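The sequence shown runs 1 to 400 under the UniProt record's numbering.
All residues carry an ideal CB built from backbone N, CA and C; glycine is no exception.
Predicted, not measured: the structure shown is a model, and the values here were computed from it.
Everything on this sheet refers to the single structure shown next.
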Amino acid sequence: MAFYRQLGVIPPKRHTQHRDENGNLYYEELMGEEGFSSDSSLLYHRYIPSAIVDATEWKVPDQATTPNHPLKPRHLQLHKLFPETIWAETDVVTGRRLILGNPDVRLSYVVSKKESPLYRNVVGDEMVYIESGTAKVETVFGTLDAKPGDYVQLPMATTHRWIPTGDEPLRAYVIEANSHIVPPKRYLSKFGQFLENAPFCERDLHGPTEPIQVEDENVEVLVKHRTSHGIVGTRYLMPHHPFDVVGWDGCLYPYTFSIHDYEPITGRVHQPPPAHQSFEGNNFVICNFVPRKVDYHPDAIPVPYYHSNVDSDEIMFYCGGDYEARKGSGIGQGSISVHPGGHAHGPQPGAYERSIGVEYFDELAVMVDTFRPLELGEGAFACEDPAYAGSWSRNQAGAQ
């Protein structure tokens, strides 16, 4: 995301001496993507950022997946995964449960009231959607305040921790990429600025406002990374706290973006899912379905037409409002629908007809479309509604 920012104290020229008031050198770190060939930032540390005292194994949450076979649509009820009795002992990093995954992206869910350990994901970027609750996300770049409806974008290798705030538990839908997550290229100029036809812009991205300093020694940091055998974890013991940055500048940093700042694209007839796209990663896209006026052709049918996902799986997380096309299916707040490639899907019986003449949809959902098949994680089997696959066949006669 080529949008330059500067925080704290930095030298006037990069890669030159930068000293504190006592003449001690700060340590410059380049955090960059694609081997010095893409976006980067320069961070200035009080201590050497490479220093570790020890490294031991950390067992990451269960990453095993099972193919969606036999092929069928599924309804997952995520609110059933975390009873209230475990909220106080669950954190956003170690407590997340895998719902769906493939080699490009993993989708998890967590409900938490506990501060997380320090954590760094070096597999790919993370995009975390806040369904409800609030949190402070402390990062090596500074602090982000997260509220309901916010995406929290965390670039690969950003050391951070989650601190839930307030009385309500933090409910988070976690999108972990094996790549970087960026705005769609069609909404950006050749230099990276948002175009006038984009549904959001730089003003809607909120980064840290000041660096944070923590003095501590022998600090643990959990690191998720890849080996030839899959995703594993390492526990670093660092001699000094990683939050020691006095200043940074560049175009790579964490930020929040509210789904409520996304301006929907509408038309006379029903618009296809690319009109809802907000971000993309390697072999997947993220889309927003928000409250909006709907199709205004005199003969329009506002709910989606039936469609076959020939090249992709469609995953919809329902996080607010009243989703017209799914009435009668059992889907509600906190549900995920899994519509796999090769299965024709669309409105539930009766929704097609009921939508005629409707002028406004009050719905909120986050959709992830993947271009390789998703498999089911342990969390999916723990909260599946087995009746969903047959929901289009029930009561069809009464739907006309």
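By the Cβ rule, the segment 359-376 counts as touching the segment 281-294, because three or more pairs are nearer than 8 Å. Lys293 counts as exposed, since fewer than 16 other beta carbons sit within 10 angstroms of its beta carbon. Of the other Cβ atoms in all chains shown, 16 or more fall within 10 Å of the Cβ of Phe141; this residue is therefore buried. Between the segment 144-159 and the segment 252-269 there are three or more C-beta pairs closer than 8 Å, enough to call the two in contact.
Counting along the chain, the unbroken beta strand (DSSP E) around Glu28 starts and ends at 27-32. Distance from the Cα of Val92 is smallest, within the candidate group Asn102, Cys251, Val110, for Val110.
Listed in chain order, the non-local C-beta contacts of His18 below 6 Å within the same chain comprise Pro11, Tyr26, Tyr44, local neighbours out to five positions each way being set aside. Assignment of Gly357 by DSSP, reduced to helix, strand and coil, places it in the coil class. Contact check for Arg97 and Gly379: beta-carbon distance about 4 Å, within the 8 Å limit, so the pair qualifies. Under the 10 Å beta carbon count, His307 is surrounded by fewer than 16 other beta carbons and is classified as exposed. Between Phe317 and Ile336 a beta carbon distance of about 5 Å is seen, short of the 8 Å cut, so the two are scored as contacting. In the DSSP annotation of this structure, the continuous segment of the alpha helix (DSSP H) that includes Ala380 starts and ends at 378-382. With a cut-off of 8 Å on Cβ pairs, the segment 165-180 is not in contact with the segment 194-203, counting fewer than three such pairs. Among the bridge pairs identified by DSSP, Ala344 is matched with Ser308.
Remark: C-beta atoms of Thr90 and Pro61 do not approach each other more closely than 8 Å. Counting only the Cα atoms, Asn68 lies some 18 Å from Leu78.
Beta bridge pairing from DSSP links Arg292 with Phe361.
Fully enclosed beta strand (DSSP E) runs of no fewer than 3 residues occupy 118-121, 126-132, 134-139, 142-146, 150-154, 160-165, 170-177, 217-227, 230-240, 245-250, 255-258 of the UniProt domain "Homogentisate 1,2-dioxygenase N-terminal" (109-258), in order along the chain. In this structure, the alpha-carbon of Gly334 lies about 22 Å from that of Ser116. Annotated three-state conformation of Arg14 is coil, per DSSP. Taking the Cα of Asp125 as reference, the smallest distance to any Cα among Gln63, Ser228, Thr370, Thr158 is reached at Thr158. Beta-bridge partners of Phe317 (DSSP): Ile336, Val366. Per DSSP, the continuous beta strand (DSSP E) segment holding Ser40 begins and ends at 40-45. The alpha-carbon of Val246 is positioned some 11 Å away from that of Val214. Closest option to Tyr323, judged by alpha-carbon separation, among Gly346, Ile48, Pro208: Gly346. Three or more beta-carbon pairs drawn from the segment 203-219 and the segment 230-240 are found closer than 8 Å, and the two stretches are therefore classed as touching.
For Gln277 and Pro184, the gap between their C-alpha atoms comes out near 7 Å. With fewer than 16 other Cβ atoms from the protein chains shown falling within 10 Å of its own Cβ, Leu30 counts as exposed. In the three-state scheme derived from DSSP, where H, G and I count as helix and E and B as strand, Gly95 is classed as coil. Approximately 26 Å separates the beta-carbon atoms of Asp204 and Asp295; this is outside 8 Å, ruling out the contact. Non-local beta-carbon contacts of Gly321 in its own chain, meaning distances under 6 Å to residues more than five positions away in sequence, involve Asp362, Glu363, Leu364 in chain order. Annotation for His75: the continuous beta strand (DSSP E) segment containing it runs 74-77. Between Glu176 and Phe3, the gap from beta carbon to beta carbon reaches 8 Å or more. The continuous stretches of beta strand (DSSP E) do not include Thr66, and DSSP gives it neither H nor E.
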